[in-house]
Amino acid sequence: MTQTDAPKPASQKRLMKSAARLYAVQALFQMEQSGQTTEQVVNEFLDHRFGAVYEGEEMLDGDIRVFRKLVEDAVNYQAPIDQMTDRALVAKWPIARIDPTLRAAFRAAGAELTQGDTPPKVVINEFVDVARAFFPEGKEPKFVNAVLDHMAREAQPEAF
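In my numbering, the protein residues as written are 6 to 165.
If you want it as structure tokens, here you go:
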């Protein structure tokens, strides 16, 4: 067994899942802005973003399975996820009017809430952290928390 084949500690696995969520939001944003297909963007991220070095800092490798599933599920289930997001938003602010980064975060989180098996409170916390990464000084993380709480209660009411 090589070092890369050795089992990863639980904390490393969590970090890789967190990184995959961040990358999924970036990929969904990129797809919306560029019109690229799911496969094009997924391949670009796997080839050029996972583990890349930017300004001397090495980016974390993301969990490829989690990344691919989030992106594919967000695309495949976009209509019902967007409808669920709209129900969680104020009537005057449909998802089409939301910042595209937040829209990507809601779609990735919605995919995990509806198609994954991660506990909803973990999904909420993870995507609030993603929002903090993109908006470190803003009110967006609190907004994401409120919207995802509403979405999670709709998607998995038995978990609350």
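Where a beta carbon is used, it is the ideal one built from N, C-alpha and C, also for glycine. Quick caveat, the model's predicted, so the values are computed rather than measured.
Check, Outcome
"Buried or exposed by the 16-neighbour rule on C-beta atoms within 10 Å, applied to Gly-56", "exposed"
"Phe-165 - DSSP class collapsed to helix/strand/coil", "coil"
"Inter-residue spacing [alpha-carbon to alpha-carbon] between Ala-160 and Thr-119", "6 angstroms"
"Status (buried if at least 16 other CB within 10 Å, exposed otherwise) for Gln-17", "exposed"
"Per-residue DSSP class, three states only, for Asp-87", "helix"
"Closest Cα partner of Arg-158 within the set Ala-114, Lys-144, Gly-143, Ala-136", "Ala-114"
"Secondary structure of Gly-67, DSSP reduced to three states", "coil"
"Nearest-angstrom Cα separation, counted from Val-30 out to Lys-74", "12 angstroms"
"Under 8 angstroms between C-beta atoms of Val-47 and Val-71", "no"
"Inter-residue CB distance, Glu-145 and Ala-151 (contact presumed, cutoff 8 angstroms)", "Not quite, the Cβ-Cβ distance comes to about 11 angstroms (not below 8 angstroms), so this is no contact."
"Pro-125 vs Ala-164 beta-carbon contact at 8 angstroms", "yes"
"Other residues of its chain near Leu-20: CB distance less than 8 angstroms, five sequence neighbours each side excluded", "Leu-65"
"Where Val-76 sits in the DSSP three-state scheme", "helix"
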